[in-house]
Amino acid sequence: MGHFFSYIVEPGFFSSQPVRTAFIVGTVVAITSGVVGVLTVIRGQSFAGHSLADVATTGGAGAFLIGVSQFWGFLIAGVAAAAIMEAIGVQRRRGRDVATGVVLGAALGLAALFLYLGTQTTSTTGASFTILFGSMFVISPDTVPALIASGVIALAVIAVLSRVLLLTSLSPEIAAARGVSVRAVGAAYLATLAVAVTLSAVAIGAVLSTALLIGPAATALRLTRSPGRAMAVAAAIGTATTWIGILLAYDSFDWPPKQHGWPVSFFVVALVLIAYLLSYVRRTRRRPASSAELTDTTQEGTPACSPV
Amino acid sequence: MTPEQDHTHPDLLTLDGISVQLGGRQILRDVSFGIRPGEFTGLIGPNGAGKTTLLKVILGLQPPTSGRVLLDGRPRPRRAGAVIGYVPQKIVVDPDMPLRARDVVALGLDGHKLGLPLPSKVRRERVQEALAAVNAEAYADARVGELSGGEQQRVLIAHAVISRPRLLLLDEPLANLDLRSEQGIVAVLARLARELDIAVLISAHDMNPLMRDTDRIVYVAAGKAAAGRTDEVIKPEVLSALYGSPVEVLHVHGRVLVLSGEENRDGDPVHHPLDTGMVTGQAGRAGS
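One line per chain: the protein sequences are A and B, in this order.
Going left to right, the first sequence walks through residues 0 to 307 as numbering that gives the first Met the number 0 numbers them.
Going left to right, the second sequence walks through residues 0 to 287 as numbering that gives the first Met the number 0 numbers them.
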């Protein structure tokens, strides 16, 4: 048994500083992405998440070029993009086509330029890979407090706005009639989404960040009925996939090619996909439609109504 | 004593000379009527007559170009969300949206508030009570997106009345419902008006499903409105004045048909239904 355990969890796994950082960051990112992701899917804003990730890539590449931590590059570019999207209304379908074709393409092109220039001056091609596809083992411990703080802020905003966000998703008109500023809520949400995308980009790379944001959330929404439970399940799925991903990536140092570990991001994204596919196996229990309709029909047919 | 006879009873809602102009188009012109507490009023008119705009003016979502909206005789407060419940037209809920019927109803209680909802016994009981008021307990734990149109309407009505408003506005809640669900919804609304003393204003392009239960109707056509008892409003001279062209009213098998009484070039009358709902309504009822 002990031998089996040491086969799965390689010796030195828990004492390694990069592994510990990866676990802390991975957990913070998975919880934030799960919670924010559920609202992103409910609000139908996966596209906005993807756009923010594209622009964040440019920010991360720019930060690399001028020698700043990618986290700040992702964050500043993401939040700025959220503000611009809110101002020009990219959420509208017509705006989406233009945004996808022109703006997001340009953003990634700029990222390519920054990465090219950056690797020319520092001759480290690894940085491009880290920005695009992430690597949880090379996260600097210095950025961990900022990562945790942004995760906590994002979760706090969601906690404060949770009911208003659900009401505006259900019907912006009802929310407006109840005195909710639908626009302000949308803007606050988009900024929170930018923070979540940033965190996810740090963990698994800007290009893959939406996978951790949308994947566990979409899986949880297939398995649960209430928004609160969906958030908890999404956070749990994200955390599990991240932890197992870190473990497998650490183990993969012994896999071919020897002494070159496989990327953590690959494992995380693959596990997210597997979890999503498994949710189709355990189909959400639907209500027995026939019996419920029968009950309803009898009620509607009864002229005398029960007192309130 | 019916509300009609009781002229001393003050209005809950008063619209006084409401006009709305949008993008150079006159949507509503000089609309005035009042609604008394607990009164069940039908807001009738063909599609595009200005019914939705009128509801939005009452809700404060559309500022009128001129005229006043009064609640209890005083100018409508900016935040009247607690006094007025609202069921908008056509809410499309995705089947995968993780909101159970009871979550939607709970959002009616405190969905506009900040912070996390604290689970409490009182909150749970109020939700249950509102679900019971619309006979929706059977599917309280089903996702709203999986419910039928009639069931969704009931849940949205429970959502709107859980905060105990004094006025409930519904925009075309009977659209796309089968006859049985239609009757069920109208019965629920009539009972809410009666038992909870909620004034209900329900818009519809077809007045027939409402005829038995409404106390009064407001007929809107071409941006103008006439209010009163059904027999006072559904008369050729009243409706002709609204439409600005000759209108005939037919009573067929207990149903009212409002027809254009225009004549063609040869002087023969051309009758076509003016409430577009008549056509679809009849088609939908062919089997019943």
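Heads up, the beta-carbon is just placed ideally off N, CA and C, and yes, glycines get one too.
Can you check whether the C-beta of His111 (chain B) is within less than 7 Å of a C-beta belonging to chain A?
Yes, its Cβ sits closer than 7 Å to a Cβ of chain A.
For Pro116 (chain B) and Leu189 (chain A), what's the separation of their Cα atoms in angstroms?
Spanning the two alpha carbons is a distance of roughly 22 Å.
Quick one: list the residues of chain A neighbouring Gln142 (chain B), beta-carbon separation under 7 Å, in chain order.
The sequence as given places Arg at residue 142 (chain B); Gln does not occur at that position. The contacting residues are Arg224.
Considering just the uninterrupted stretch of the beta strand (DSSP E) at Gln152 (chain B), what are its terminal residues?
Note, Gln152 (chain B): premise wrong, no beta strand (DSSP E); alpha helix (DSSP H) at Gly148 to Val160.
Check each candidate in B:Gln61, B:Glu247 and B:Ala224 and name the one with the smallest Cα separation from Ala48 (chain B).
B:Ala224
By the 10 Å Cβ neighbour count, where 16 or more other Cβ atoms means buried, how is Lys120 (chain B) classified, buried or exposed?
exposed
Using a C-beta to C-beta distance shorter than 7 Å, which residues of chain B count as neighbours of Ser278 (chain A)?
Within chain B, no residue comes near Ser278 (chain A); the closest Cβ sits about 11 Å away, beyond 7 Å.
In terms of alpha-carbon separation, which member of B:Leu69, B:Val199 and B:Arg193 lies closest to Pro172 (chain B)?
Selected option, being the one with the closest Cα: B:Val199.
CA-CA distance, Thr26 (chain A) and Ala216 (chain A)?
15 Å
Please report the straight-line C-alpha distance between Arg285 (chain A) and Ala141 (chain B), rounded to a whole angstrom.
Confidence is the limiting factor: at Arg285 (chain A) the pLDDT is only 49, short of 50, which leaves the residue's position unreliable, though a coordinate-based value still follows. When rounded, the distance between both Cα atoms is 8 Å.
Sort A:Val34, A:Glu172 and A:Phe12 by Cα distance to Thr238 (chain A) and report the nearest one.
A:Val34
For Arg42 (chain A) and chain B, any beta-carbon pair shorter than 7 Å?
no
Against chain A, does Leu27 (chain B) count as a neighbour if the rule is that its beta carbon must be under 7 Å from one of theirs?
no
State buried or exposed for Ser14 (chain A), treating a residue as buried only when at least 16 other CB atoms are found within 10 Å of its CB.
exposed
Starting from Thr13 (chain B), follow the beta strand (DSSP E) in both directions and report where the run begins and ends.
Leu12 to Leu21
What is the rounded straight-line gap between the Cα of Thr283 (chain A) and the Cα of Leu256 (chain B)?
Confidence in Thr283 (chain A) is poor, its pLDDT being 48 and thus under 50, which makes the residue's placement unreliable; the coordinate value appears in the next sentence. Those two C-alpha atoms are separated by around 47 Å.
Give the interface partners of Val103 (chain B) over in chain D, defined as CB-CB distance under 8 Å, in chain order.
Among the protein chains of the structure shown, namely A and B, there is no chain D.
Going by DSSP, what residue range makes up the alpha helix (DSSP H) through Pro184 (chain B)?
The residue you asked about is not Pro; residue 184 (chain B) is Ile in the sequence shown. For Ile184 (chain B), the enclosing alpha helix (DSSP H) begins and ends at Leu178 to Glu194.
Output, in chain order, the set of chain B residues within a Cβ distance shorter than 7 Å of Ser161 (chain A).
Leu115
Could you check whether the Cβ of Val196 (chain A) sits closer than 7 Å to any Cβ belonging to chain B?
no
Residues in the segment 18-39 of chain A with C-beta within 9 Å of chain B's C-beta atoms, listed in sequence order?
Flagged, chain order: Val37.
Give every residue of the same chain whose Cβ lies closer than 8 Å to the Cβ of Ile147 (chain A), excluding the five residues on either side of it in the sequence, and list them in chain order.
Ile23 and Val27
Identify the continuous beta strand (DSSP E) that holds Phe321 (chain B) and give its terminal residues.
Missing from the structure shown is residue 321 (chain B); chain B here goes from 0 to 287 and no further.
Is the beta carbon of Gly149 (chain B) less than 7 Å from the beta carbon of Asn175 (chain B)?
no
Measuring only the C-alpha atoms, how far is Val201 (chain A) from Ile130 (chain A)?
Going from the Cα of Val201 (chain A) to the Cα of Ile130 (chain A) covers about 8 Å.
Between Leu195 (chain B) and Ala105 (chain A), what straight-line distance do the alpha-carbon atoms span, to the nearest angstrom?
Approximately 59 Å between the Cα atoms of the pair.
Which value, in whole angstroms, describes the spacing of the CA atoms of Leu21 (chain B) and Lys50 (chain B)?
14 Å
Apart from the five residues just before and just after Val40 (chain A), which ones in its own chain have a Cβ nearer than 8 Å to its Cβ?
Ile213, Ala216, Ala217 and Leu220
What does the alpha-carbon distance come out to for the pair Val267 (chain A) and Thr31 (chain A)?
Rounded to whole angstroms, Val267 (chain A) to Thr31 (chain A) spans 16 Å at the Cα level.
Can you confirm whether Leu60 (chain B), when its beta carbon is compared against all beta carbons of chain A, has any partner nearer than 7 Å?
yes
Would you mind listing the alpha helix (DSSP H) stretches within the segment 175-241 of chain A that are 4+ residues and don't spill past its ends, in chain order?
Entirely contained in the segment 175-241 of chain A, the alpha helix (DSSP H) runs reaching 4 residues are, in chain order, 181-203 and 208-222.
Less than 7 Å between CB atoms is the rule here; does Asp214 (chain B) satisfy it with respect to chain A?
no
Would you kindly check if the distance between the Cβ of Asp53 (chain A) and the Cβ of Leu103 (chain A) is under 7 Å?
In this structure, Leu103 (chain A) sits near Asp53 (chain A), with a CB-CB distance shorter than 7 Å.
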